[in-house]
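Numbering (the working numbering), first residue to last: 556 to 1355.
Cβ coordinates follow ideal geometry from the N, Cα and C atoms, glycine included.
Here is the structure we will look at, set down as structure tokens.
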């Protein structure tokens, strides 16, 4: 039995394989290992609706496909991510339930959505979008706007070295070398990811880890480290934005600096830091912020002192002319002790004012941190809130003049630190229906409650079938999340509804062409009907069960047919045929004809597949036998296909001819490798005769083979003729040398060697050498000898 995880893996691989043939559809993004959430992009012409309400044609569309728990028994949810204008699409969902019941295949569903987008498929009855339905009805003449074209695989241009390669090309039986090899996992990939983590490049590390589909030992630890870092970075990012909204730009800049210590490639972090630095600089230059921009030390100088200094300066500036000489007056003498006392008192006042402003600043920051921590608690950022409160508490130790306010502030901080909400939050608990429970359980219960409420609403609306579907989803969800109390309650509800809805579900499954579901449900209904005394009801259910099982087998065989699993397809179709042998009237004549034609095609492609395997292994005899079986099968079925098989029969017969040529050509190459030109020539002429006697001799590809074979024959015949001349020269070398060099008549001649120098028009010029022994010495003799094709005579070549 296929597990849920394996099902997701298989569907992902099948989807990738299918989309290689459709370049207009791409997988943009996946989530999960294996993927259970897809983002798909369609580069197709399809209607869209702009923000201003104008309907136009868009070229790029995106959708999100989520696979629920219980998949594939429960249909995926499909949501548009762009403004697709279609009768079966609203902003929150795309209607695919009926399609899924007919064909629960993820790859086919993606292609079906593409057909919807370009206008091949749409429903005008009970549409999701009535405006779109009216538009499509009005513009039916323009539809479809586009089509899903299968990619053309172009063969690489290369020089063909032999006729065997040409034969492969003419048959379309090339090897699949054009497929790119799958990238293999290596330890270097893990080292690269660990290096990224060390350099705080967590976002890039996440993408690199996602690209590795294999499991390895350190994967969980690496994923955990990345998740922790990204979570902290996201919290710091959010806090910086909050401080920006509060106008605390200096604190926000510090938070962003902390963020970069955790993650240097957080999306949006560079722009956030740049924006905050600009806002902080503007705040520093603003006149209204002059008091805030001063350091704590500057706070000891009251503004009124500055005013006095300015007024004093103005007074000095007004003294243009020298003052009149004052009259002598009696000035009382102030005691030094009073002056010193006043000075000390003034210093104490100034110091007190300085400490007051410093303490006031500490209290303001502590109060701001308390408010920030309350905000963080509301946002469930409990650890950050606790750290902020400890920071506020620590800062209160610096109070001096306003120390009396420390107790009140500490009490408020302690109240938050010891609050049940923070304490439970730090434990990972949240408040749910008056009780603190783990946040994961609370989230599970909320999602479960949403499902059950929707199911109850459907029951109230007299829609028990959909209600049962939701209850089942809720049941599986409760099991998965170990909500034992809810599992028992849901199981009781499901059993009650199943008892009522068995036959209704079977009929609905038939209407939706969900034949497997219909067969299973009719099987349950048959068990329930065993207690009935009316045999007609059981007979009717049995007939419907047979028909549903037949149609399910037929659909499954179509899937295996598209996957080129010929033998499995044949087994399924033969089983479907046996189901209706005793009662063929349970299905229509068209369905029986479709079964027979699909069975013939499966057998044909199975035979052709075996023939191709034999051809690839150069097992020529088996290949020819299999191709002839294919011809025989098609000729037997010619009447059932109303003459549509003639072209296929002709192509396969031509293939048989080309395989025979390839087989003989291999013999040609073998003879050539053994320097047996006579045998090679004989086989080449055999190919020539076979083509001449073939009905395909006027076919362009066959004519091309014939032309090259003729050239090969001419070349071989010429080479054989030259070889004969060389043999003649080596056999008659003594006669030639002695007749042309009379001085060597008494010498011993041996070791002849002849070779073709060149050919000029119809004259062939050879060089012949030998060794001459005379009186104990040896010398090499050489002579150029010419053969005239026109006269058939030999003569010495003088170079003229």
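Exercise for the section: Spatial neighbours of residue 983 within its chain, please: CB distance less than 7 angstroms, with the 5 preceding and 5 following residues excluded, ordered by chain position. Expected result: Along the chain shown, one-based indexing puts residue 983 at 428. Counting only Cβ-Cβ distances below 7 angstroms, and skipping sequence neighbours, we find 993 and 994.
Handout entry: CB-CB length for residue 618 against residue 635, believed under 8 angstroms
Key = Counting from 1 along the chain shown, the entry for residue 618 is found at position 63. Counting from 1 along the chain shown, the entry for residue 635 is found at position 80. Sure, about 5 angstroms apart at Cβ, within 8 angstroms.
Handout entry: With 16 other Cβ atoms within 10 Å as the buried cut-off, status of residue 612
Key = The residue given as residue 612 occupies position 57 in the chain shown. Classification for residue 612: exposed.
Exercise for the section: Evaluate contact between the segment 1231-1248 and the segment 1187-1196, counting only Cβ atoms and requiring at least three cross-stretch pairs below 8 angstroms. Expected result: With a cut-off of 8 angstroms, the segment 1187-1196 and the segment 1231-1248 do not count as touching, because too few Cβ pairs lie within range.
Handout entry: Residues near residue 571 by beta carbon distance below 6 angstroms, same chain, minus five either side
Key = Your numbering for residue 571 matches position 16 in the chain shown. Scanning its chain for C-beta atoms nearer than 6 angstroms, with the 5 sequence neighbours on each side dropped, one finds no residue around residue 571.
Practice task
Please state if the CB of residue 977 and the CB of residue 986 are separated by a distance shorter than 8 angstroms.
Solution key: On the chain shown, position 431 is the one that residue 986 refers to. On the chain shown, position 422 is the one that residue 977 refers to. Residue 986 is not a Cβ neighbour of residue 977, given a cutoff of 8 angstroms.
Handout entry: Integer-rounded CB distance, given that residue 1157 should sit under 8 angstroms from residue 1128
Key = Counting from one through the chain shown, the residue named residue 1128 turns up at place 573. Counting from one through the chain shown, the residue named residue 1157 turns up at place 602. The Cβ separation is near 6 angstroms, so the contact holds.
Practice task
Tell me, please, whether the segment 1127-1142 touches the segment 1170-1179 by the rule of three or more beta-carbon pairs shorter than 8 angstroms.
Solution key: Output reads no: the segment 1170-1179 does not touch the segment 1127-1142.
Exercise for the section: Measure the alpha-carbon distance for residue 687 versus residue 638 and round it to whole angstroms. Expected result: As a working note, residue 687 is residue 132 in the chain shown. As a working note, residue 638 is residue 83 in the chain shown. Straight-line Cα distance between these residues: approximately 12 angstroms.
Problem - residue 1137 - DSSP class collapsed to helix/strand/coil - result: For this step, residue 1137 is matched to residue 582 along the chain shown. Residue 1137: coil per DSSP, three-state reduction.
Handout entry: At least three beta-carbon pairs within less than 8 angstroms, the segment 1310-1324 to the segment 1280-1288
Key = These segments touch.
Practice task
State buried or exposed for residue 776, treating a residue as buried only when at least 16 other CB atoms are found within 10 Å of its CB.
Solution key: In the chain shown, residue 776 corresponds to position 221, counting from 1. Residue 776 comes out exposed.
Exercise for the section: Taking only the alpha-carbon atoms, compute the straight-line gap between residue 1146 and residue 1153 and give it to the nearest angstrom. Expected result: Here residue 1146 corresponds to residue number 591 of the chain shown, with the count starting at 1. Here residue 1153 corresponds to residue number 598 of the chain shown, with the count starting at 1. If you take the alpha carbons of residue 1146 and residue 1153, they lie about 10 angstroms apart.
Exercise for the section: Go through its chain and collect everything with a Cβ distance to residue 585's Cβ below 7 angstroms, but skip five positions before and after it. Expected result: The residue labelled residue 585 in the question sits at position 30 within the chain shown. Taken in chain order, the residues that qualify are 592 and 593.
Handout entry: Residue span of the beta strand (DSSP E) that contains residue 617, given as start and end
Key = Reading the chain shown from its first residue, position 62 is the one you call residue 617. That run of the beta strand (DSSP E) goes 616-621.
Exercise for the section: Consult DSSP for residue 502 and reduce its assignment to one of helix, strand or coil. Expected result: Outside the modelled stretch of the chain, which goes from 556 to 1355, sits residue 502, for which no answer is possible.
Problem - Cβ contact (3+ pairs, closer than 8 angstroms) linking the segment 1159-1173 and the segment 1118-1127 - result: Put simply, the segment 1159-1173 touches the segment 1118-1127. At least three CB pairs are less than 8 angstroms apart.
Exercise for the section: Please classify residue 576: does DSSP put it in a helix, a strand, or coil? Expected result: Walking along the chain shown from the start, residue 576 turns up at place 21. Assignment of residue 576 by DSSP, reduced to helix, strand and coil, places it in the coil class.
Exercise for the section: Note down the Cα distance separating residue 822 from residue 679, rounded to an integer number of angstroms. Expected result: Stepping through the chain shown from its first residue, residue 822 is reached at position 267. Stepping through the chain shown from its first residue, residue 679 is reached at position 124. Computed Cα separation, rounded: 43 angstroms.
Exercise for the section: Answer yes or no: do residue 946 and residue 916 have a C-beta to C-beta separation smaller than 8 angstroms? Expected result: For the purposes of this step, residue 946 is identified with residue 391 of the chain shown, where counting begins at 1. For the purposes of this step, residue 916 is identified with residue 361 of the chain shown, where counting begins at 1. Between residue 946 and residue 916, the CB-CB gap reaches or exceeds 8 angstroms.
Exercise for the section: Keeping to the same chain, check which residues put their C-beta closer than 8 angstroms to that of residue 647; ignore five residues upstream and five downstream. Expected result: The residue given as residue 647 occupies position 92 in the chain shown. Counting only Cβ-Cβ distances below 8 angstroms, and skipping sequence neighbours, we find 634.
Handout entry: Local Cβ density within 10 Å of residue 1347, reported as buried at 16 or more and exposed below that
Key = By 1-based counting over the chain shown, the position of residue 1347 is 792. Around the beta carbon of residue 1347, fewer than 16 other beta carbons sit within 10 angstroms, so the residue counts as exposed.
Problem - Three-state class that DSSP yields for residue 1321 in the structure shown - result: What you label residue 1321 is simply residue 766 of the chain shown in a count that begins at 1. Look at residue 1321 here: in three-state DSSP terms it is strand.
Exercise for the section: Check the C-beta distance from residue 1014 over to residue 1022 and give it rounded, since I have them as a contact under 8 angstroms. Expected result: Taking the chain shown and counting its residues from 1, one reaches residue 1014 at position 459. Taking the chain shown and counting its residues from 1, one reaches residue 1022 at position 467. Contact between residue 1014 and residue 1022 holds, since their C-beta atoms are separated by about 5 angstroms, short of 8 angstroms.
Practice task
Would you mind giving the Cβ-Cβ distance between residue 698 and residue 670, rounded to the nearest angstrom? I have them listed as a contact below 8 angstroms.
Solution key: Stepping through the chain shown from its first residue, residue 698 is reached at position 143. Stepping through the chain shown from its first residue, residue 670 is reached at position 115. With 8 angstroms as the limit, residue 698 and residue 670 do not qualify as a contact, their Cβ atoms being about 11 angstroms apart.
Exercise for the section: Could you tell me whether the Cβ atoms of residue 814 and residue 824 are closer together than 8 angstroms? Expected result: Looking up residue 814 in the chain shown gives position 259. Looking up residue 824 in the chain shown gives position 269. It is a contact, given that the beta carbons lie within the stated cut-off.
Exercise for the section: Can you tell me which of 616, 562 and 751 puts its alpha carbon nearest to the alpha carbon of residue 579? Expected result: One-based indexing of the chain shown puts residue 579 at position 24. With distances taken between CA atoms, residue 579 lies nearest to 616 out of 616, 562 and 751.
Problem - For residue 1328 and residue 1297, the rounded distance between their alpha carbons - result: Numbered from 1 along the chain shown, position 742 holds the residue referred to as residue 1297. Numbered from 1 along the chain shown, position 773 holds the residue referred to as residue 1328. For residue 1297 and residue 1328, the distance between alpha carbons rounds to 15 angstroms.
Practice task
Measure the Cβ-Cβ separation of residue 951 and residue 921 and say whether it is below 8 angstroms.
Solution key: As a first step, residue 951 is located in the chain shown; it is residue number 396 there, counting from the start. As a first step, residue 921 is located in the chain shown; it is residue number 366 there, counting from the start. A Cβ-Cβ contact shorter than 8 angstroms links residue 951 with residue 921.
Practice task
Please classify residue 768: does DSSP put it in a helix, a strand, or coil?
Solution key: What you label residue 768 is simply residue 213 of the chain shown in a count that begins at 1. Three-state DSSP puts residue 768 in coil, outside helix and strand.
Exercise for the section: Ignore the nearest five residues each way along the sequence and tell me which others in residue 1072's own chain have a CB closer than 6 angstroms to its CB. Expected result: One-based indexing of the chain shown puts residue 1072 at position 517. Here the set comprises 1064.
Handout entry: Nearest to residue 1309 (by Cα), restricted to the options 681, 894 and 1338
Key = Here residue 1309 corresponds to residue number 754 of the chain shown, with the count starting at 1. For the residues 681, 894 and 1338, the minimum Cα distance to residue 1309 belongs to 1338.
Problem - Rounded separation between residue 765 and residue 588 - CA only - result: Walking along the chain shown from the start, residue 765 turns up at place 210. Walking along the chain shown from the start, residue 588 turns up at place 33. Straight across, the Cα-Cα distance linking residue 765 with residue 588 is about 8 angstroms.
Practice task
Within 10 angstroms of the Cβ of residue 1264, are there 16 or more other Cβ atoms? Answer buried if so, exposed if not.
Solution key: If you number the chain shown from 1, residue 1264 lands on position 709. Its Cβ being crowded by 16 or more others within 10 Å, residue 1264 is buried.
Exercise for the section: Decide if residue 673 is buried, meaning its Cβ has at least 16 other Cβ atoms within 10 Å, or exposed. Expected result: Here residue 673 is taken as the residue at index 118 of the chain shown, counted from 1. Buried, since its Cβ has 16 or more Cβ neighbours within 10 Å.
Exercise for the section: Output the boundary residues of the alpha helix (DSSP H) element that contains residue 796. Expected result: Here the question's residue 796 lines up with position 241 in the chain shown. If you look at residue 796, you'll find it in the alpha helix (DSSP H) that goes 774-800.
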